[in-house]
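Sequence lines, in order, name chains V and A.
Mapping the first sequence onto our numbering, position 105 (from 1) lands on 105, and the numbers just tick up by one.
Mapping the second sequence onto our numbering, position 34 (from 1) lands on 378, and the numbers just tick up by one.
Accompanying notes for the structure given below.
There are 2 protein chains.
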Amino acid sequence: MSQLERPFAVVLAGGVGSRFWPASRPERPKQLLPLGTDRPLIVDAVERAVALAGPERVLIVLGTHLVDPVLKALPNLEPANLLVEPEARGTGPALAWAAHVIAERDPEGVMVSLHADHVIEPLDEFLDTISRGVAATGGGRLLCLGIEPDRPETGYGYVRLGAELAPGVFAAAEFVEKPPLETARAYVDSGEYLWNSGIFIWRAADLLAAIRTLAPEIPLERLENGEASGFFEACARVTIDVAVMERASRVGVVAASFGWDDVGDWNALRRTWPTDRDGNIVFGSVDLVDSGDNIVWSEDGSITLFGVHDLVVVRSGDHTFVTTREAAADMKRIFEATDSPEEA
Amino acid sequence: MSQLERPFAVVLAGGVGSRFWPASRPERPKQLLPLGTDRPLIVDAVERAVALAGPERVLIVLGTHLVDPVLKALPNLEPANLLVEPEARGTGPALAWAAHVIAERDPEGVMVSLHADHVIEPLDEFLDTISRGVAATGGGRLLCLGIEPDRPETGYGYVRLGAELAPGVFAAAEFVEKPPLETARAYVDSGEYLWNSGIFIWRAADLLAAIRTLAPEIPLERLENGEASGFFEACARVTIDVAVMERASRVGVVAASFGWDDVGDWNALRRTWPTDRDGNIVFGSVDLVDSGDNIVWSEDGSITLFGVHDLVVVRSGDHTFVTTREAAADMKRIFEATDSPEEA
């Protein structure tokens with residue numbers, strides 16, 4: 001795409017990723033871990049954002065406590081690349097703020113909202129798909145990026161495709177959150193449903209207009225007074241899906257077929273990392289004897305497994321954590337039962 | 345028993361107990377861990393030895409590297425209580441040396457050979473049983489202590505009872521090492537077999553005479569020159585069972601019914617420690633969520649288990665170790681496959 005058409009790229013770098021506890025924790029969340037490649041997820045994500053938007057048009061939304069670690073991981077960033085949230089209120093207020101900043105810089109500016117913790121490849125297919133979406137923005141149209149599913153994942157949201165609006169861009173006929181397995185299977189088989197990736201494309205001004213009309217819990221007038229901390233304080237905690245996408249009428253889906261993973265829990269490593277010949281995924285100093293299909297993450301010491309299968313074993317800092325691959329998908333259960341950190 | 349009848353007590357404190365790796369390691373072997381009560385096994389063992397023999401007649405056989413930790417755990421010991429092996433050559437040479445030292449002090453001295461890592465209770469029943477054995481020594485008779493089995497343990501040696509020689513003391517008709525499960529079941533059902541505890545009772549002079557006749561791999565003449573290091577160097581590595589007990593004719597068994605455990609691997613804790621209501625055994629800082637029948641040992645940090653069962657999880661020093669309760673009985677397999685410390 002030409003320089004003139006370049007969108008802005010917003011990288012959401014808020015959450016903790018508590019399903020990777022104890023490797024992830026508030027001061028070192030998931031996006032700072034090398035879960036996709038041998039670099040922290042956020043380094044790969046920002047590199048994609050720069051490839052898409054150029055370094056000056058990348059905005060990273062994050063909390064105060066992450067400024068130092070993110071600047072350390074990405075030393076080429078400028079302070080102007082960072083939007084430091086005074087408090088976390090979910091993706092609704094975060095994207096409203098980013099859209100406001102972009103619209104002030106360029107009233108016609110197109111904005112692509114990305115996540116710091118997604119694994120995406122290959123880059124060129126990603127850029128082509130986004131480009132197709134950028135070309136279809138305008139006129140109030142709000143686009144989400146839908147991923148062709150390769151399995152009946154029950155942890156994702158799905159979007160049903162309606163009429164084709166532009167090449168590879170469809171009306172969003174229906175959003176469905178986390179369907180049961182049988183339903184998910186039927187969706188995948190039908191070919192009519194894509195995963196809702198949480199990646200969005202829109203003109204910043206169109207998002208702001210939609211918020212003004214549809215989302216009273218995000219009081220934009222508080223931003224227009226130039227006061228971000230007052231704005232966040234006045235916002236409800238709300239996702240952009242609930243505040244806008246599920247309420248808006250001109251919602252579309254850009255169909256994508258590149259490799260995408262939201263690295264939701266330890267099991268994701270089996271999709272993004274190579275395994276040894278016994279099906280084990282290993283990080284750090286690990287010895288395996290008669291053990292298969294385990295995911296083992298070792299920092300600050302060594303881990304030895306003997307005669308075990310389908311486990312997740314993590315040693316990080318003062319904590320050692322042992323669970324099954326199955327239970328690893330349901331980590332919330334731990335935070336209900338112990339003092340361990342909740343998802344921010 | 346009266347002061348005059350008091351035997352000498354020899355406590356063997358040599359081995360590493362590598363099946364408790366990584367909690368046990370060469371510089372901190374099993375007997376220094378609190379695996380029976382909340383005190384190191386050796387503290388309980390020496391306390392029993394003192395109750396049996398009096399403090400001056402207790403001899404602890406150990407390696408140089410254990411002198412400091414043992415004196416730290418047992419500050420009341422005198423240097424005269426320690427027999428420091430110049431090198432480890434198994435129980436044969438160790439007990440030959442101890443018998444020699446005892447016979448020099450008292451040519452009629454009776455010697456009870458104990459282990460630093462056994463769990464035994466109650467004390468009075470232990471003392472009564474030993475007393476019965478001591479009374480049956482003399483005339484070249486070598487006694488082992490046989491424990492009434494309460495399960496078909498395949499990891500132990502068994503001894504079949506012959507004719508009754510004295511009250512509760514029988515001729516040893518046959519020794520059987522580690523029988524298969526079906527055989528072990530038949531032994532337990534028969535009532536004719538006891539576990540060979542590895543605890544022995546004999547006049548020191550009788551053991552020395554037997555060694556002189558039966559065990560050329562233990563050249564006692566090297567000791568008679570007063571030179572322990574030359575003696576150990578000249579000895580083969582051999583157990584007292586192989587060198588003497590299996591070759592001697594006048595071997596007896598003292599039948600014992602006190603509680604006894606050789607704390608052979610992590611599973612032993614399920615016999616000696618209390619469990620929580622989900623069947624877990626816990627040492628140190630441990631959180632358990634939806635987890636049962638695990639054995640969890642945490643030093644230098646905390647361990648969280650979520651949704652797992654029948655595991656053994658150990659964190660000690662730089663090492664974290666995860667195995668199943670079943671595999672924990674077969675730890676030798678690890679030392680074949682990795683660089684971890686072998687049993688000394």
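C-beta: ideal position from N, C-alpha, C; glycine also.
Which of the three DSSP states is assigned to A9/V in this structure? Collapsing the DSSP output to three states places A9/V in a strand.
Answer with yes or no whether the minimum CB distance from F283/V to chain A is below 8 Å. Not an interface residue.
D674/A to Y502/A, Cα distance in whole Å? Rounded to the nearest whole angstrom, the C-alpha separation of D674/A and Y502/A is 20 Å.
Measuring only between beta-carbons, confirm whether H663/A sits less than 8 Å from chain V. For H663/A, the answer is yes, since a Cβ of chain V falls inside 8 Å of its Cβ.
What first and last residue would you give for the beta strand (DSSP E) that runs through R203/V? Going by DSSP, R203/V is part of the beta strand (DSSP E) stretching over 193 to 203.
How should G361/A be labelled, buried or exposed, when 16 other C-beta atoms within 10 angstroms of its C-beta is the threshold for buried? With 16 or more other Cβ atoms within 10 Å, it is buried.
Got a sec, what are the start and stop residues for the beta strand (DSSP E) R315/V sits in? R315/V -> beta strand (DSSP E) spans 311 to 316.
So which residues on chain A does S302/V lean against when the C-beta distance must stay under 8 Å? In chain order: D662, H663, T664.
Between the Cα of A353/A and the Cα atoms of R363/A, P384/A, W365/A, A548/A, which residue gives the shortest distance? The shortest C-alpha to C-alpha distance from A353/A to any of R363/A, P384/A, W365/A, A548/A is the one to A548/A.
Chain-ordered chain A contacts of R277/V [CB-CB under 9 Å]: Those within 9 Å of R277/V in chain A number zero; the least Cβ separation is about 15 Å.
Would a check of beta-carbon distances place L311/V closer than 8 Å to chain A? At least one chain A Cβ lies under 8 Å of L311/V.
Take the Cβ of K30/V as the centre, count every other Cβ of all protein chains shown within 10 Å, and call the residue buried at 16 or more, exposed below. So K30/V ends up on the buried side.
Beta-carbon contacts of A259/V that lie in its chain and below 8 Å, excluding the five residues immediately before and after: Sequence inspection shows Gly at residue 259/V; the Ala mentioned does not correspond to that position. So the qualifying residues of the chain are V119, I120, E121, P122.
Rounded to the nearest angstrom, how far is the Cβ of T664/A from that of T320/V, given a contact under 8 Å? Confirmed, about 5 Å.
Neighbour list for A671/A in chain V, Cβ cutoff strictly below 8 Å: Neighbours of A671/A on chain V, chain order: D290, F306, G307, V308.
Who does C235/V pair with in a DSSP beta bridge? Residue pairing by DSSP places C235/V opposite no residue, since no beta bridge is assigned to it.
Rounded straight-line distance, which links the Cα of V313/V to that of W297/V: Those two C-alpha atoms are separated by around 6 Å.
Could you have a look at M589/A and say whether DSSP puts it in helix, strand or coil? For M589/A, the secondary structure class from DSSP, reduced to helix, strand or coil, is helix.
Nearest-angstrom Cα distance between L471/A and S629/A? Whole-angstrom Cα-Cα distance: 37 Å.
By alpha-carbon positions, which one of P437/A, E431/A, R372/A ends up nearest to I562/A? Checked all of P437/A, E431/A, R372/A; the closest Cα to I562/A is P437/A.
At a CB-CB cut-off below 9 Å, which residues of chain A make contact with R333/V? By Cβ distance, chain A contributes V633, D634, F650, G651.
According to the Cβ coordinates, are L489/A and I543/A closer than 8 Å? The answer is yes: Cβ separation under 8 Å.
Residues of chain V with CB under 7 Å from T408/A, in chain order? None at all; the shortest Cβ gap to chain V is about 28 Å.
Hey, would you say V582/A sits closer than 8 Å to T473/A, going by beta carbons? No.
Strictly below 7 Å CB to CB, what residues from chain A border T324/V? Going along chain A in sequence order, the residues near T324/V (Cβ under 7 Å) are G651, V652.
Closest to S131/V by CA distance: which of E148/V, S24/V, A327/V, I201/V is it? Proximity to S131/V across E148/V, S24/V, A327/V, I201/V peaks at I201/V, based on C-alpha coordinates.
Rounded to the nearest angstrom, how far is the Cβ of A215/V from that of V244/V, given a contact under 8 Å? Between A215/V and V244/V, the beta carbon gap of about 6 Å places them in contact (Cβ cut-off 8 Å).
Interface partners of R315/V on chain A, CB under 9 Å: Neighbours of R315/V across chain A, judged by C-beta separation under 9 Å: G645, R659, T664.
Simplified DSSP state of T324/V, which is helix, strand or coil: DSSP, reduced to helix, strand and coil, places T324/V within a strand of the structure shown.
One or two residues paired with Y502/A in a DSSP bridge: In DSSP, Y502/A forms a bridge with V520/A, W539/A.
Contiguous beta strand (DSSP E) assignments of at least 3 residues, all confined to the stretch 419 to 443 of chain A: Secondary structure remark: continuous beta strand (DSSP E) runs of at least 3 residues inside the stretch 419 to 443 of chain A, in chain order: 426 to 429.
Output needed for H409/A: all residues of its chain with C-beta closer than 8 Å, excluding positions within five of it in sequence on either side, in chain order. Once the five neighbours on either side are set aside, the close Cβ partners of H409/A are P370, E371.
To which residues of the same chain is D609/A closer than 6 Å at the C-beta, ignoring the five residues directly before and after it? Within its own chain, the residues whose Cβ lies closer than 6 Å to the Cβ of D609/A, once the five positions on either side in sequence are excluded, are R363, A672, A673, listed in chain order.
Beta strand (DSSP E) containing G259/V: first to last residue? From DSSP, the beta strand (DSSP E) with G259/V extends over 259 to 261.
Since I404/A contacts L439/A with CB under 8 Å, what's their CB separation in whole angstroms? That pair is no contact at about 13 Å.
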